[in-house]
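Participant: In the numbering used here, the protein residues as written are 137 to 948. Glycine residues also receive a C-beta, built at the ideal position from the N, C-alpha and C atoms. Mind looking over this structure? Questions follow.
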Amino acid sequence: MSDGRELSCHRLLEALPAAIYTTDADGHITFFNQAAADFWGGRPELGKDKWCGPWRLFLPDGRTPLPHDQCPMAVALKENRPVRGAKAVAERADGTRVTFIPYPTPLRDASGDLVGAVNMLVDITDEQALQSLKESEAGFRLLFESNPVPMWVYDRQTLSFLEVNEAAVQHYGYSRDQFLSMSLLDIRPEEDKASLIDTLQSEKSWRHHKANGEVIEVLTYARELTGRCNAVLVAVVDITQRKAAEDELKRTHEFLDLIIETIPSIVLVREPHQHRLVLINKAGEELLGRPREELFGKNVYDLVPKEQADFFTESDRELLSSGKPVLVQEEPVTSPSGCTRILRTIKMPMRRSDGQRPFLLGISEDITDRKRADAQIAYLAHYDQLTGLANRVLFHERARGAVNDARSATIMLLDLDDFKVINDSLGHQVGDLLLAKVAASMLAAVPRGGTVARFGGDEFAVLIPLTADPLNAAEIAKAVLKCLGKPFEVGDRTLHINASVGIALCPAHGCSVDDLIANADLALYRAKEHGGSVYRLFEPSMRDRVVERERLSAELRIAFEAGELELFYQPQIRLSDGQVVGAEALLRWNHPQRGVIAPSAFLDVLETSALADAVGDWTIDEACRQLVLWRDHGVSISRVAVNLFAAQLRSGNLAGTVKAALSRHNLEPPQLELEITENIALVNDDHLLEPLRQLYELGVGITLDDFGTGYASLSTLKRIPLTRLKIDRGFVRDVLTDPYDAAIVTAVLTLGRKMGFKVVAEGIENPAQEAFLMANGCEKAQGYLYSKPVDAMGFAHWFLTASNGMGKVKKK
Numbered sequence: 137m138s139d140g141r142e143l144s145c146h147r148l149l150e151a152l153p154a155a156i157y158t159t160d161a162d163g164h165i166t167f168f169n170q171a172a173a174d175f176w177g178g179r180p181e182l183g184k185d186k187w188c189g190p191w192r193l194f195l196p197d198g199r200t201p202l203p204h205d206q207c208p209m210a211v212a213l214k215e216n217r218p219v220r221g222a223k224a225v226a227e228r229a230d231g232t233r234v235t236f237i238p239y240p241t242p243l244r245d246a247s248g249d250l251v252g253a254v255n256m257l258v259d260i261t262d263e264q265a266l267q268s269l270k271e272s273e274a275g276f277r278l279l280f281e282s283n284p285v286p287m288w289v290y291d292r293q294t295l296s297f298l299e300v301n302e303a304a305v306q307h308y309g310y311s312r313d314q315f316l317s318m319s320l321l322d323i324r325p326e327e328d329k330a331s332l333i334d335t336l337q338s339e340k341s342w343r344h345h346k347a348n349g350e351v352i353e354v355l356t357y358a359r360e361l362t363g364r365c366n367a368v369l370v371a372v373v374d375i376t377q378r379k380a381a382e383d384e385l386k387r388t389h390e391f392l393d394l395i396i397e398t399i400p401s402i403v404l405v406r407e408p409h410q411h412r413l414v415l416i417n418k419a420g421e422e423l424l425g426r427p428r429e430e431l432f433g434k435n436v437y438d439l440v441p442k443e444q445a446d447f448f449t450e451s452d453r454e455l456l457s458s459g460k461p462v463l464v465q466e467e468p469v470t471s472p473s474g475c476t477r478i479l480r481t482i483k484m485p486m487r488r489s490d491g492q493r494p495f496l497l498g499i500s501e502d503i504t505d506r507k508r509a510d511a512q513i514a515y516l517a518h519y520d521q522l523t524g525l526a527n528r529v530l531f532h533e534r535a536r537g538a539v540n541d542a543r544s545a546t547i548m549l550l551d552l553d554d555f556k557v558i559n560d561s562l563g564h565q566v567g568d569l570l571l572a573k574v575a576a577s578m579l580a581a582v583p584r585g586g587t588v589a590r591f592g593g594d595e596f597a598v599l600i601p602l603t604a605d606p607l608n609a610a611e612i613a614k615a616v617l618k619c620l621g622k623p624f625e626v627g628d629r630t631l632h633i634n635a636s637v638g639i640a641l642c643p644a645h646g647c648s649v650d651d652l653i654a655n656a657d658l659a660l661y662r663a664k665e666h667g668g669s670v671y672r673l674f675e676p677s678m679r680d681r682v683v684e685r686e687r688l689s690a691e692l693r694i695a696f697e698a699g700e701l702e703l704f705y706q707p708q709i710r711l712s713d714g715q716v717v718g719a720e721a722l723l724r725w726n727h728p729q730r731g732v733i734a735p736s737a738f739l740d741v742l743e744t745s746a747l748a749d750a751v752g753d754w755t756i757d758e759a760c761r762q763l764v765l766w767r768d769h770g771v772s773i774s775r776v777a778v779n780l781f782a783a784q785l786r787s788g789n790l791a792g793t794v795k796a797a798l799s800r801h802n803l804e805p806p807q808l809e810l811e812i813t814e815n816i817a818l819v820n821d822d823h824l825l826e827p828l829r830q831l832y833e834l835g836v837g838i839t840l841d842d843f844g845t846g847y848a849s850l851s852t853l854k855r856i857p858l859t860r861l862k863i864d865r866g867f868v869r870d871v872l873t874d875p876y877d878a879a880i881v882t883a884v885l886t887l888g889r890k891m892g893f894k895v896v897a898e899g900i901e902n903p904a905q906e907a908f909l910m911a912n913g914c915e916k917a918q919g920y921l922y923s924k925p926v927d928a929m930g931f932a933h934w935f936l937t938a939s940n941g942m943g944k945v946k947k948k
């Protein structure tokens, strides 16, 4: 029976003056009204006292005891039938006696099973017993009319309404007269009428028509009225809204069940005593690899290894004892198949209304893949993928720890000497393999507890915590340089490489990681200036050089914008007849206070600055403009040569810049020659070299400058589009006294002829050098024997005077 129905019935029974109580099927008292308590002179204990309460019973003679199990209520329950007219005498707790007639009636549920009994006690001790009955009838009518629950009385034979109360009139919308002219069939939907007769007096839900046509759903409670033939009393409870709420609740439950079943998270519920499983969804089945029918009732020790089960049990105990509303933890779970997954589980106790220990709800997300990804991300964030060494981030973290905790550390920066040559000439794959071997050698050379890191490219770093001894640092640097000085076997090649090391000590050279790294970098720069393969400790004077370079870089930008950069020109002579055939454009800085500054004072700063590309493009345009201007003033030379910066190749705009300059000044491509250094020629990147190929095919000359002084191999001459080789002045200077220089010069001349390259020698300072070159087939030359580099006006003057205006030089 619903709570609402029980409440209405209890109120009805409480209002009756008749003594009424109910029992369960075993005879235990489950309810009594106030009239019954007054009748007994006390209140029985519900669920404990039986039949007629804790009072002595006698037969009507008042002397013979009546056993409780033979009282009318016990008989009604035992024989499952009403018992009428049996008088009895009861002795109250205060010793007074009362004569009464009980009217016990069994109670059955919808299926007809006995569930208890209701008993009405009528006191007939004196003459007022009849009056009591009349008062009960009056009370019933009063209760019927004033009850807020819709009620009516109908004829069981005709189904006609005999009486209705005001609540029924108000709720259904029919007037009292309308009701009394209708039958039960008139308020039933057509499809419900056929089953009406068979189930008329069962307690079930029905659908009724209200006067406005609205169909409502109700529960009816019917009882036959004693003393009135065929009269049935019906109480009606409208459950339309409750039914709608129940339907909505059912849909909500079904929806939640669907969500729990289909979400990828694992959902399970365990009972609190033996931790046995009472609910699990599909994701949980899949994790454990068994159908849920086999999982229900199992405890955690049946499902996972003991170590894991101990962990789960302890965490459950912690959650229940702590009073916390939720516990979040990460836990490994091994399925019966042996597969271990990492779960992130949210556990919470499900409090129960009966006060019993709560169930445990667990919602688990499989984070195994995420953990692996996080670990991989963490590794990539802190380690170099190529070498497996710590990267810059991890190095900084460890260095900060060493500096902050111990205030004592050694930091080294290491750079491989001329690694770019190997990388560019042999390819990045060989370079990467070499870097990996270098990393392994450094790890072997650095003491235990130290950190070796790769910052990028061929730049490495070493951290030695807890020491700032310069002698110790020097020994470690020597050990590292020694291990790197050994040959490395890379594929089928044996490679030799050296390194330079810069060292900074904490606290002597700084107390922050940034300062120490910056100072070690300055020491590294000084080591490379000394030719490499050495180490240098930081000295404060090194910072002065950096400040000077930064100042010079800033001044260069101002100078370029102010037009202080200028091109000087040195003539190139055809040796066979002394004809001036070209000029090399050389950059100078015309400083307003210091005069003309030679390139050796600023060129290395310019080459590494962001200004290099812009200055290089200006040089091309200015040389082309000057060639045309000379031609217009009688200085007729066939070409001008311009030196390229590596930045011009990296920019990707070189071909467009050259084509634009030639077009702007109306020059033919062979009238311009581009000189590249071996560092540019060693670039092993077809994309970067593509502009040179385009210009070569256009007819622009390409000269390899200072050939033989760097690391370019003979294969470079096949890979780079060239028209000319230039012999460096270092070989020409001692060509008459040093047989090795003489051999190199003659070899280059022979190589050039065989490969179809023209050759020009620079640094010719005397006729004997010129004669040697002519005798060995050198075609062109330049040097102080003919003219030092001069500005454009000086070059025109030299051309018109030294060559008698005919373009042929008079030798000194």
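Could you say which of 657, 247, 370 lies nearest to residue 281 if we only look at CA atoms?
Facilitator: That would be 370, whose Cα lies nearest to the Cα of residue 281.
Participant: How is the alpha helix (DSSP H) around residue 696 delimited, first residue to last?
Facilitator: Residues 676 to 698.
Participant: Under the three-state reduction of DSSP, which class applies to residue 217: helix, strand or coil?
Facilitator: It is coil, neither helix nor strand.
Participant: Suppose the cutoff is 7 Å on Cβ atoms and the five residues either side in sequence are ignored; what does the same chain contact list for residue 366 look like?
Facilitator: So the list reads 291, 292, 293, once near-sequence residues are dropped.
Participant: Locate the alpha helix (DSSP H) running through residue 398, then write down its first and last residues.
Facilitator: That run of the alpha helix (DSSP H) goes 376 to 398.
Participant: Where are the alpha helix (DSSP H) runs, 4 residues long or more, that stay fully inside the stretch 862 to 900, in chain order?
Facilitator: If we require 4 residues or more, the alpha helix (DSSP H) runs fully inside the stretch 862 to 900 come out as 865 to 869, 875 to 891.
Participant: List the whole-angstrom C-beta distance separating residue 835 from residue 805, where the pair is believed to meet the contact cut-off of C-beta under 8 Å.
Facilitator: Yes, residue 835 and residue 805 are in contact; Cβ-Cβ is about 4 Å, under 8 Å.
Participant: May I ask you to list the residues that DSSP assigns as paired with residue 366?
Facilitator: Answer by DSSP bridge pairing: none, since residue 366 is not bridged.
Participant: Check whether the stretch 539 to 559 touches the stretch 494 to 509, counting contact only when three or more Cβ pairs, one atom from each stretch, lie closer than 8 Å.
Facilitator: The stretch 539 to 559 is not in contact with the stretch 494 to 509.
Participant: Just confirm the distance between the C-beta atoms of residue 837 and residue 813, as a whole number of angstroms; I'd bet it's less than 8 Å.
Facilitator: 16 Å between Cβ atoms; not a contact.
Participant: Roughly how many whole angstroms lie between the Cα atoms of residue 925 and residue 934?
Facilitator: Their backbone Cα atoms lie some 11 Å apart in a straight line.
Participant: Using a Cβ-Cβ cut-off of 6 Å (strictly less than) and excluding sequence neighbours within five positions of residue 240, which residues of its own chain qualify?
Facilitator: Same-chain partners within the cutoff: 208, 209, 212, 219, 253, 255.
Participant: Excluding the five sequence neighbours on either side, which residues of its own chain have a C-beta within less than 7 Å of the C-beta of residue 774, listed in chain order?
Facilitator: Answer for residue 774: 717, 718, 807, listed in chain order.
Participant: Within 10 Å of its beta-carbon, does residue 301 have 16 or more other beta-carbons around it, so buried, or fewer, so exposed?
Facilitator: Buried, by the Cβ-count rule.
Participant: Which of helix, strand or coil does DSSP assign to residue 239?
Facilitator: Here residue 239 sits in strand by DSSP.
Participant: Nearest to residue 444 by alpha carbon, out of 669, 466, 358?
Facilitator: Out of 669, 466, 358, 466 has the C-alpha closest to the C-alpha of residue 444.
Participant: Given residue 841, which residues of its chain have a CB within under 6 Å of its CB, disregarding the five upstream and five downstream residues?
Facilitator: So the qualifying residues of the chain are 811, 813, 862.
Participant: Can you look up residue 209 in the DSSP assignment and give me helix, strand or coil?
Facilitator: Three-state result, residue 209: helix.
Participant: Have a look at the DSSP bridge pairing and note the partners of residue 521.
Facilitator: Answer by DSSP bridge pairing: none, since residue 521 is not bridged.
Participant: Which class does residue 537 belong to by DSSP, given the choice of helix, strand or coil?
Facilitator: Here residue 537 sits in helix by DSSP.
Participant: What whole-angstrom Cβ distance do residue 408 and residue 494 have, given they're in contact under 8 Å?
Facilitator: With a Cβ gap of about 6 Å, residue 408 and residue 494 count as contacting.
Participant: Taking DSSP as the reference, what is the three-state secondary structure of residue 432?
Facilitator: In the structure shown, residue 432 sits in coil (DSSP, three-state: anything other than H, G, I, E or B).
Participant: Could you have a look at residue 642 and say whether DSSP puts it in helix, strand or coil?
Facilitator: In the structure shown, residue 642 sits in a strand (DSSP, three-state: E or B).
Participant: Using a Cβ-Cβ cut-off of 7 Å (strictly less than) and excluding sequence neighbours within five positions of residue 397, which residues of its own chain qualify?
Facilitator: The residues are 417, 418.
Participant: Which value, in whole angstroms, describes the spacing of the CA atoms of residue 795 and residue 725?
Facilitator: Straight-line Cα distance between these residues: approximately 27 Å.
Participant: Check this for me: beta carbons of residue 578 and residue 566, under 7 Å apart or not?
Facilitator: No, the Cβ-Cβ distance between residue 578 and residue 566 is not below 7 Å.
Participant: Residue 573 and residue 624 - do their beta-carbons sit closer together than 7 Å?
Facilitator: It is a contact, given that the beta carbons lie within the stated cut-off.
Participant: Quick one: what's got a C-beta closer than 8 Å to residue 699's C-beta in the same chain, skipping five residues either side?
Facilitator: Excluding residues within five positions, none has a Cβ falling inside 8 Å.
Participant: Using a threshold of 7 Å, state whether the C-beta atoms of residue 539 and residue 649 are closer than that.
Facilitator: Yes, they are a contact pair.
Participant: Report the option in 259, 242, 741 whose CA atom is closest to the CA atom of residue 234.
Facilitator: When only C-alpha atoms are compared, the closest one is 259.
Participant: So the alpha helix (DSSP H) residue 606 belongs to, where does it begin and stop?
Facilitator: First-last of the alpha helix (DSSP H) with residue 606: 606 to 620.
Participant: In this structure, does DSSP put residue 781 in helix, strand or coil?
Facilitator: It is coil, neither helix nor strand.
Participant: Which residue comes first and which comes last in the alpha helix (DSSP H) that contains residue 569?
Facilitator: Segment 564 to 581, the alpha helix (DSSP H) holding residue 569.
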